[in-house]
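To keep things clear, I will list the structure first and then write my remarks on it.
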Amino acid sequence: MYSKRLFNKLKLSFSPLSNYDYSLLTSQTSLTDILAESHIYMIVQRPCLTFEELYIDPTIEEDPILRFKICKKGSAEFLECSFPYRRGMFKELFKEKMGMLFTPDYEFLHHKFSDPPYYHIANFLMFADENGYGSWFSPEKFLFERWNDLYESEVKGDVPAFLKYKVHYIGKATEEHVIKRLTGHEHLQDILSVEFPLHYGSLPTDEIAILFYEFSDNIHLAMFGADDEMGDVLIQQMIDGNLPMVPKKRIYLDAEKALINALKPRHNKLFYKSYPQSKDGLKQDALDAYTYTFFDPITLVYNEGEITGSEHFIEADMLLVKKGEPLAILKYEREHTQAGADEKKRTAKRAKPKK
Numbered sequence: 001m002y003s004k005r006l007f008n009k010l011k012l013s014f015s016p017l018s019n020y021d022y023s024l025l026t027s028q029t030s031l032t033d034i035l036a037e038s039h040i041y042m043i044v045q046r047p048c049l050t051f052e053e054l055y056i057d058p059t060i061e062e063d064p065i066l067r068f069k070i071c072k073k074g075s076a077e078f079l080e081c082s083f084p085y086r087r088g089m090f091k092e093l094f095k096e097k098m099g100m101l102f103t104p105d106y107e108f109l110h111h112k113f114s115d116p117p118y119y120h121i122a123n124f125l126m127f128a129d130e131n132g133y134g135s136w137f138s139p140e141k142f143l144f145e146r147w148n149d150l151y152e153s154e155v156k157g158d159v160p161a162f163l164k165y166k167v168h169y170i171g172k173a174t175e176e177h178v179i180k181r182l183t184g185h186e187h188l189q190d191i192l193s194v195e196f197p198l199h200y201g202s203l204p205t206d207e208i209a210i211l212f213y214e215f216s217d218n219i220h221l222a223m224f225g226a227d228d229e230m231g232d233v234l235i236q237q238m239i240d241g242n243l244p245m246v247p248k249k250r251i252y253l254d255a256e257k258a259l260i261n262a263l264k265p266r267h268n269k270l271f272y273k274s275y276p277q278s279k280d281g282l283k284q285d286a287l288d289a290y291t292y293t294f295f296d297p298i299t300l301v302y303n304e305g306e307i308t309g310s311e312h313f314i315e316a317d318m319l320l321v322k323k324g325e326p327l328a329i330l331k332y333e334r335e336h337t338q339a340g341a342d343e344k345k346r347t348a349k350r351a352k353p354k355k
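As structure tokens, this is what we get:
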């Protein structure tokens, strides 16, 4: 029996960015290039994260280590981090000298950075010369680069607890660059205006953040029996390099509807109640089943629950659509034992209609 399935891997194009940081970084050409394939975005909110107790450990002079804690407002938890900044991709950049420029957290805007260790840091720039050439770090960018193994670093603590995001809005940018799409974005301005800070002393522009998503992979899988004539056709198409593929734009259009239907963000006006029925989605491709899987270890929080991603396919929550059935959210339930091991099992949850 012949069947068609499609597995879509959703991955962050860049680290989560606060609205304030995003407004500063959009002038950089590199960010424009990095987000070139990002066609799905989410406007979210989370407590502000800061760098605390930051200092350079000079124990080994030729291999200095930057040490700090990442703290979350409203919580006593922290992550203990270290970063040997003269190794790997930074080896040549900082082999002779390195300077640092700190941006204080808004609550401590007039805080003076004198002698280490340094506290209340929203982000910082490490630079190698007077022209400011170097690398910019926020707590989330450091963690993003950590789970993507971009350079050597160490993090101790409950990282997932620092990566939870309340979803306010989901949008797409299929006809223009996402940066252009967000310029003067009506819903973003509304969210900044009406959403209250989660913690006293924080500004909405620091708590409201943007997640930029792209597809890291779209796996087309055809299944057929030994006597299936369609199988012979598909094998020949694979040999010829003409295997029919679903257009990526159509996948993005469908993904936006699937995500909105599942998460029902407060600031979206349409919830696509009849999804997966649509004129421009994947319904027309006659797929027997398709999924959207989240490949970053962050948690998306919505009114009815949470969706948690993972770098490992088997541990990631996903959205599942089967032919003739409504969308379902497939989750892994993690039961922590005393030994610290995780027992994982898959559970299915149907997306409920908006009342």
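Residues in the sequence shown are numbered from 1 upward in steps of one, following full-length UniProt numbering.
Even for Gly, the Cβ is constructed at its ideal location relative to N, Cα and C.
| Query | Result |
| --- | --- |
| Would you call the segment 278–288 and the segment 4–13 touching, i.e. three or more CB-CB distances under 8 Å? | yes |
| When the distance is taken between beta carbons, is Leu17 closer than 9 Å to Ser138? | yes |
| Grab me the residues of Ala36's own chain with a C-beta within less than 8 Å of its C-beta, minus the 5 sequence neighbours each way, in chain order. | His177 |
| Give the secondary structure of Ala289 by DSSP, where H, G and I count as helix, E and B as strand, and everything else as coil. | strand |
| Under 9 Å, Cβ to Cβ, is there at least one residue of chain C near Tyr213? | The displayed structure is made up of one protein chain only, and chain C is not part of it. |
| Counting along the chain, where does the alpha helix (DSSP H) carrying Tyr22 start and finish? | 19–25 |
| How many angstroms separate the CA atom of Asn242 from the CA atom of Ile219? | The predicted position of Asn242 is uncertain, since its pLDDT is 45 and thus under 50; no value can be drawn from it. |
| Determine the extent of the alpha helix (DSSP H) in which Gln189 is found, giving its start and end residues. | 186–194 |
| Beta-carbon within less than 6 Å of Leu66's beta-carbon, same chain only, minus the 5 sequence neighbours each way: which residues are those? | Ile56, Phe83, Tyr85 |
| Give the single residue among Gly309, Gly74, Met42 whose Cα lies nearest to the Cα of Tyr200. | Gly74 |
| What's the C-alpha gap between Glu325 and Phe196? | 38 Å |
| Run through DSSP, which three-state label would Ala328 get? | strand |
| For Cys48, list the residues DSSP reports as bridge partners. | Bridge partners of Cys48: none, in fact. |
| Are there 16 or more other CB atoms within 10 angstroms of the CB of residue 356, so buried, or fewer, so exposed? | Since the displayed the chain opens at 1 and closes at 355, residue 356 lies outside it and no answer follows. |
| Can you tell me which of Ile60, Tyr302, Tyr133, Glu154 puts its alpha carbon nearest to the alpha carbon of Gln28? | Tyr133 |
| Just list the residues that DSSP pairs Pro16 with in beta bridges. | According to DSSP, which records beta bridges pairwise, Pro16 is partnered with nothing at all. |
| Here's the rule: buried if 16 or more other CB atoms are within 10 angstroms of the residue's CB, otherwise exposed. What is Pro104? | buried |
| Report yes if the C-beta distance between Ile260 and Leu270 is below 9 Å; otherwise report no. | yes |
| Check whether the segment 186–196 and the segment 142–151 touch, using three or more Cβ-Cβ pairs below 8 Å as the test. | no |
| Note down the Cα distance separating Leu263 from Asp158, rounded to an integer number of angstroms. | 25 Å |
| Nearest by alpha-carbon distance to Thr293: which of Asn303, Asp21, Val321 is it? | Val321 |
| Compute the Euclidean distance between the alpha carbons of Ala161 and Thr299, then round it to the nearest angstrom. | 9 Å |
| Any idea if Ala76 is buried or exposed, counting beta-carbon neighbours within 10 angstroms, 16 or more meaning buried? | exposed |
| If you draw a straight line from the C-alpha of Lys91 to the C-alpha of Met126, how long is it? | 13 Å |
| Output needed for Ser216: all residues of its chain with C-beta closer than 7 Å, excluding positions within five of it in sequence on either side, in chain order. | Lys9, Lys11, Phe295 |
| Closest to Asp115 by CA distance: which of Met100, Ile314, Val301, Ala128 is it? | Met100 |
| Straight-line CA distance for Leu188 to Tyr165? | 15 Å |
| Any idea what DSSP makes of Glu140, helix, strand or coil? | helix |
| Helix, strand or coil for Ile60? Go by DSSP, reduced to three states. | coil |
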